[in-house]
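Position one of the sequence shown corresponds to residue 29 (the numbering used here), numbered consecutively onward.
Idealized CB from N, CA, C, for every residue including glycine.
Remember, predicted model here, so these are calculated numbers, not experimental data.
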Amino acid sequence: MNPSPGYKYSSANQVCRLKKSLYGLKQAPRSWFENFLTTILGAGFTQSISDYSLFLYRSSSASLINNQTAGQVTKTTLKPSEVVHGIPTLLFTMEEREDFAREEGLHQAIIVKVSPNAPDLQDLRTILPKLFGVKGQCLIGLLAQRQLLIRLDHYDDFVICLTRSVTYFTSKEKEHQVRVFPWTIRCNPKEETHMAAVWISFPSLPPELFARRALMSIAATVGKPIAIDKATQLRSRPSTARVKVILDILEKHPEQIRLKYVDEGTGKIVEQLQQVTYDNLPLYCNHCKHQGHDESNCRILLGKNE
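Pasting the structure below:
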């Protein structure tokens, strides 16, 4: 079947451009378009940041996505609700929330906290991509006071931004601080997240376990692995493997990981305890809900005790 006009091939990513004349509805009312927009996003399409008439569907294979009629696309199954103690209530599983986050481009999103008296949002939309060296597209919006939510198209941009946990820029002869945090489903704009991107090291790891699949699997026992450092990739430092992971700094972090090696021929099992070290693991204050210190050094808490 040949694709209908409006479809363009792009490997596994199939692009559909929504035209004003779609399905003969050139003069379609705004309400129809809003309904179509809601449902096509719910069908798994992502709206382009640079062109809001462009929709992208990321397929797991390189096969062409079949054309759908407007009637098919606009059929959306809504979540059932119930009234509990007089309040309408809906239930969402974590898996559903993760799917929604991916639809909204939040799987590669960061939170940027700027210092007081920072430039306005319009200026920051120009300053921050240059500061972080963003190569792809990014969507920057105000999440809360002094907090920006940035969605990044390129995974490399996402990783690079997270490596710049604290940085500075100058605007109008004034220096401003920028702090970067990973966005997660559990983020609360009223508090600083207790999730952080941290480098972890595995000293004296057997060289064969530097293989990407093995190393990422080992790192996943500590947190969510997002990047392997350059020296590890180039195999130029066989003494230590380093991986950047997103982890919860409030949780207990293992100092060792047990690795088991099985000889399938003899059934013999050899165990090894692998050391884990953490580079600059941030502190977190449960009183003021900020990263960078704990309760023993909280200025707010110490001020109350004086």
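Between the beta-carbon of Ile228 and that of Thr305 there is about 7 Å, and that keeps the pair under the 8 Å contact cut. Taking C-beta atoms under 8 Å as the contact rule, Leu176 and Val140 qualify, at a distance of about 4 Å. In terms of Cα proximity to Ile138, the closest of Asp181, Thr249, Asp148, Asn145 is Asp181. Just measuring C-alpha positions, the residue of Ser109, Asp322, Gln300 sitting nearest Asn314 is Asp322. Nearest to Ile277 by alpha-carbon distance, out of Ser143, Met122, His318, is His318.
Glu124 and Ile68 have their C-alpha atoms roughly 17 Å apart. By alpha-carbon distance to Gln136, the top candidate from Trp211, Pro116, Thr117 is Trp211. Cβ-Cβ separation between Lys252 and Val273: approximately 6 Å, consistent with a contact (criterion under 8 Å).
Per the coordinates, the alpha-carbon of Ser109 lies some 5 Å from the alpha-carbon of Thr117.
Annotation: Pro234 is outside any alpha helix (DSSP H) and is labelled neither H nor E by DSSP.
Counting along the chain, Lys258 sits inside the alpha helix (DSSP H) bounded by residues 258 to 262. In the DSSP assignment, Arg179 forms a beta bridge with Ala137, Leu167.
For the 8 Å CB-CB criterion, Leu309 and Val226 form a contact. Lys202 is bridged by DSSP to Ser199.
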